[in-house]
Each structure stands twice: as C-alpha cells, then as structure tokens.
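Asks: Numbering (the working numbering), first residue to last: 2 to 392.
Glycine included, every Cβ here is placed at the ideal spot set by N, Cα and C.
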Ligand code: TMP
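#1: Please determine, among 204, 233, 201 and 242, the residue with the shortest C-alpha to C-alpha distance to residue 217.
#2: Might you give, ordered along the chain, the residues of its own chain that have their beta carbon closer than 8 Å to the beta carbon of residue 324, omitting 5 neighbours on each side?
#3: Give me the Cα-Cα distance between residue 97 and residue 253, rounded to the nearest whole angstrom.
#4: Between which two residues does the beta strand (DSSP E) holding residue 107 run?
#5: Would you check if the distance between the CB atom of residue 147 and the CB atom of residue 172 is smaller than 8 Å?
#6: Does the separation of the CB atoms of residue 232 and residue 270 fall below 8 Å?
#7: Alpha carbon to alpha carbon, what distance is there between residue 55 and residue 119?
#8: What residues in its chain sit with their C-beta under 7 Å from that of residue 327, if we drop five residues either side in the sequence?
#9: For residue 155, does the count of other Cβ atoms within 10 angstroms reach 16, so buried, or fall short, so exposed?
#10: Three Cβ pairs or more, each shorter than 8 Å: is that satisfied between the region 158-175 and the region 125-139?
#11: Can you tell me where the alpha helix (DSSP H) with residue 83 in it begins and where it stops?
#12: Taking the runs of the alpha helix (DSSP H) that are 4 residues or longer, which of them lie wholly in the region 82-152?
#13: Below 8 Å, can you find three or more Cβ-Cβ pairs linking the region 44-52 to the region 355-368?
#14: Could you spell out the range, first to last residue, of the beta strand (DSSP E) harbouring residue 282?
#15: Under the assumption that residue 222 contacts residue 211 (Cβ atoms under 8 Å), give the Cβ distance between them as a whole number of angstroms.
#16: Look at residue 339 and residue 359 and say whether their C-beta atoms are less than 8 Å apart.
#17: In terms of residues, what are the limits of the beta strand (DSSP E) holding residue 42?
#18: Please indicate yes or no: does the CB of residue 372 lie closer than 7 Å to some heavy atom of the ligand TMP?
#19: Mark residue 14 as exposed unless 16 or more other C-beta atoms lie within 10 angstroms of its C-beta, in which case mark it buried.
#20: Which residue wins for smallest C-alpha separation from residue 91, given the options 189, 45, 390 and 182?
#21: Cα-Cα, which of 28, 109, 381 and 322 is closest to residue 89?
#22: Roughly how many whole angstroms lie between the Cα atoms of residue 247 and residue 87?
#23: Please classify residue 58: does DSSP put it in a helix, a strand, or coil?
#24: Could you tell me whether the Cβ atoms of residue 58 and residue 115 are closer together than 8 Å?
#25: So, at 7 Å on beta carbons, what are the nonlocal neighbours of residue 63 in its own chain, with the 5 sequence-adjacent residues on each side left out?
#26: Please state if the CB of residue 376 and the CB of residue 306 are separated by a distance shorter than 8 Å.
#27: Starting from residue 369, trace the alpha helix (DSSP H) in both directions and tell me its first and last residue.
#28: Please tell me whether, using a cut-off of 7 Å, the distance from the CB of residue 56 to the nearest non-hydrogen atom of the ligand TMP is below it.
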C-alpha cells in the first residue's frame, strides 16, 4: 500500500473559525497519511476550500513586521534578479507582496472577497476566484502569459494539485518562472511542530514530493531555498521543462540530499514523528496543570490558526489558558474554535497579573519577545517547539 496513515489529531474545528457567537460549529477528523510513491503527506479528509476561504477570512499577511519585511525583500529580489515584464500572484491576501509591483503589469487571484476588494482598490486587477485551469484559460485570453507567477502559503491549501500545476503551465511564459513558498515538511518533522497541520493544509510538501508532482505537468524545480518564516518554509523556484536556458542550482540538490539523509522518504520517520506529537501533548498538559495547581495565570500570545490544532488535540480550554491576545482586529472579541477561549487585544490582555504566556505564534518568537521585553520582565514564556519548555 503506497498510502499509509501515521497521525490522527482527532476531531477538529476550522482552524481560523474564530466566532463572535458559538453556533453550528463544524468539526471534522484531522488525520494524515504518507504517500510513499509520491513522497508526500496528505490529509485524509479534505474539506471543500469554500468553507474556509470566504469573504470573512481573518488572517492578514501584513499583520506582522516579520512578514511585511519578508515580502518586501522577496519582491526586490525577484525584480532585480529576474526582471519580469508581467507578474501574477495567486492568493494575494491583503496585497503585502503585490504592492511592490507595477499596477499596469501585475494582476492577482484571491478567493477571499474581503482581500480581493483591498487589492482591487489598490489598483491591481484582482480575480475574486479560486485558482483553477478554467480561470487560467480566461486569464491568458485577457492578459497573455506571465514572466513571474508568485504564490505564498497558498499552493498547500489547494486540494487538486494536478489542476493547479496544469493551470500554472498554461499561464507561465516560456522563459518565465513560478515561485512558491509553503511550510517545509522537513522542518515540521525536525521540530515536532504538528500545529502546522490543520484544515487549510491538505498537503505538507517535501521538495522530493513536489519534484515528482511537477514533472508530471511539464514543470521542473531549478532551485530551492530555506526560509525562516511560518516556522520554516521552502521557496521553490520552477521553470518549464522545455526551458533549457535556466540551469539547475545547487540549492535543489542540497535539499533533496538533506531530505533523504534525514529520512523524509521513509515511513518510519513519520511514526517517530507521531510519537513525538503524543509526547508533546503529554508534556504541555503536564506543565499547564502544574501552573494551574500553583495558581499561576497563563494566557496565550497569538491566536494563530496553529493554536486550534494544539488546543483541540490536547483538550486545552479556559481552565488552563485564560484568554488569548492577538493584534488582528477581526479576531478580537471572538472565541477560539472548538475550545472557546476568548480572544482580546494586547492592550486589554497584557495586564499585570499574568504569570506565563504560551507562545501560540511561536513562529514570530523573535519579533514578539523583542516587542514585549518590558512587559514580560517578570513573566515567563511557554513554548512547545521544538519541545515543551518555559523560556
Ligand atoms: P500565524 O502564525 O498563522 O502567522 O498567526 C500569527 C498570529 O499571531 C496572527 O493572528 C497575528 C498574531 N500576532 C500578534 O498578535 N502579535 C504579534 O506581534 C505577531 C507577530 C503576531
């Protein structure tokens, strides 16, 4: 059997399903399998994208300095190195990347209406649609082909990757490049950061797995670089297989070698990972229960989608974490999915009687710890990545 299950995180609600009023909450079973033929991991029960990516989507890419800087540097790099005459972004969110490109030669595709409206108002033609082969044909008719196609934290959200990559091939110019960034399966395994797994991530990509998939659609990876964002991501650079001008870079070979050496292609690695996930739950509950018995007040810093997986898998409710603080206005005044922990603004929640702050947004540890130096002076941070500890 090429596809074998290795992880079951139980009943979960929508990871970004923060609610003002608790009603009709949807739950599904979150489990993943390893496909040893394609060398990919895949969610067993994939939800229809329209349930998650709608006109009230709450995650803003420009909500942190880290991500604003990241996309600015990326845009400058692509502009200087590849000098694209035209740019298409798939999943443009609130325009954090696209705003660095010319409005006349850049277009966007974004399924969430609230964000499509933002980039349209900024002056970028934005298709308020999901990325499909059908849309790609329409785009080619209206705009011709593109020299740079960019997509960050979006391709791993799409259930049908065959359709996705065929559509990319359709709109990519013959000498163009397709660049996409998504969380790295290898980094997740190495850090036991199982909270990367939730409804919006039907896939976690290895470079080996992507290479296999892309080949089937006339596309080839020519370079890969590691990124620190989102807890460890890969930037994958792709060209048409017919393009002989662009040569394969060492980054691709290094990544394939590293993945193989570290066991990403072996099912046993995933069994080890699932054991580490269980251990992480045990340790996190142990620490939180100890803090509770000694009357310490624990709150969560960052109502990240990732926390939904942790809280629901571990059974962490308000008796263990009193509330979450988050700077996203749309999340403030809501309760967290499944466990219904209240979310408040940092101004309201970062008060004197807090003892410990659980780093739900651990991927922004540097930015958050620096920002809260004064407030956190006599308090402690609690993290579960790469293992549970107070820092
Ligand atoms: P993410 O890990 O999915 O990017 O989500 C991070 C969440 O943390 C997001 O809701 C914004 C929030 N956040 C803060 O509240 N304060 C901060 O300083 C940072 C960096 C993020």
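Replies: Inspection of the coordinates gives the following:
#1: 242
#2: 300, 301, 342, 343, 344, 345 and 350
#3: 27 Å
#4: 107-110
#5: yes
#6: no
#7: 14 Å
#8: 303, 304, 333 and 344
#9: buried
#10: yes
#11: 66-83
#12: 114-123 and 134-144
#13: no
#14: Residue 282 -> not in any beta strand (DSSP E); alpha helix (DSSP H) instead, spanning 268-294.
#15: 6 Å
#16: no
#17: 41-44
#18: yes
#19: buried
#20: 182
#21: 109
#22: 18 Å
#23: coil
#24: yes
#25: 69, 95 and 97
#26: no
#27: 366-372
#28: no
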